[in-house]
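Trainee: One rule links them: number in the numbering used here = place in the sequence shown (from 1) + 41.
Note that beta-carbon positions come from the ideal geometry of N, C-alpha and C, so glycine has one too.
Dropping the structure in here first, questions after.
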Amino acid sequence: MEYHSLSEIPFFTECSKVVDETGSVLVELQVVPQKESVKVTAVISSKEEGHDIGVNDCAKAHRALIPRMVQLLHRSDDEIFMEVCSPGTERNIKNAAEFSLFTNRQIRVWDKNVSDWVPGKILSSDENQVTLECEEGGTKSVAYQDIAKAKFISL
């Protein structure tokens, strides 16, 4: 798994501030130019541990993001097609930088060194590894280079 700083993603920093003001956290942002329009996909999560994202949260973020995207992309709101959604209960973590957004969340990582899933709660993460609180007690740090995939554990 690779680590790409969220600030390297085009428009992520600007949009993250807007989503933060709505009470949510921006997890993923994709901006795809098309012929005469731009498709924007934003994935948001709750700031509050244990709180799920609902339709109202997505609508609130959508209403806040549209004016900012109009400004950033120099397009009219008719030319921007935006989808805002939750990460879902079984999200595959795509970028190792996402681990920091999901501290205290139950996940499992496929550790290439043991060829098995390692479940646990995210305690911390940095640019090189994630540290999990293991179910059987203790902690385990797994380097991103050793993670084949990672996903949420549905509770």
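I'd like to know if the stretch 43 to 55 and the stretch 125 to 139 are in contact, where contact means that at least 3 CB-CB pairs between them fall below 8 Å.
Mentor: Contact between the stretch 43 to 55 and the stretch 125 to 139 is present, because at least three Cβ pairs lie under 8 Å.
Trainee: In angstroms, rounded to a whole number, what distance separates the CA positions of residue 48 and residue 66?
Mentor: Taking the straight line joining both Cα atoms gives about 14 Å.
Trainee: Should residue 117 be labelled buried (16 or more other beta-carbon atoms within 10 Å of its own) or exposed?
Mentor: Exposed, since its Cβ has fewer than 16 Cβ neighbours within 10 Å.
Trainee: Since residue 192 sits in a beta bridge, which residues does DSSP pair it with?
Mentor: According to DSSP, which records beta bridges pairwise, residue 192 is partnered with 133 and 149.
Trainee: Quick check: the Cα distance between residue 193 and residue 51, rounded to an integer number of angstroms?
Mentor: Answer to the nearest angstrom: the Cα atoms are 26 Å apart.
Trainee: Return the chain-ordered list of same chain residues with a C-beta closer than 8 Å to the C-beta of residue 99, the five sequence neighbours on each side being excluded.
Mentor: Same-chain partners within the cutoff: 85, 125, 126 and 127.
Trainee: Suppose you measure from the CA of residue 113 to the CA of residue 70; what does that come to, to the nearest Å?
Mentor: Spanning the two alpha carbons is a distance of roughly 14 Å.
Trainee: Which class does residue 177 belong to by DSSP, given the choice of helix, strand or coil?
Mentor: DSSP places residue 177 in coil when its eight states are reduced to three.
Trainee: Quick check: residue 169 and residue 191, are their CB atoms within less than 8 Å of each other?
Mentor: The answer is no: Cβ separation not under 8 Å.
Trainee: Does residue 52 come out as helix, strand or coil in the three-state DSSP assignment?
Mentor: Reduced to three states, the DSSP call for residue 52 is coil.
Trainee: Under a Cβ-count criterion, where at least 16 other Cβ atoms within 10 Å of its own Cβ denotes burial, should residue 132 be classed as buried or exposed?
Mentor: By the 10 Å Cβ count, residue 132 comes out buried.
Trainee: Relative to the C-alpha of residue 78, which residue among 89, 95, 102 and 111 is closest?
Mentor: Of the candidates 89, 95, 102 and 111, the one whose C-alpha sits nearest the C-alpha of residue 78 is 111.
Trainee: What is the C-beta distance between residue 173 and residue 163, in whole angstroms, given that I count them as a contact (C-beta under 8 Å)?
Mentor: That belief holds up - the Cβ atoms of residue 173 and residue 163 are roughly 6 Å apart, short of 8 Å.
Trainee: Could you compute how far the alpha carbon of residue 103 sits from the alpha carbon of residue 123?
Mentor: Each residue's Cα considered, the two are about 7 Å apart.
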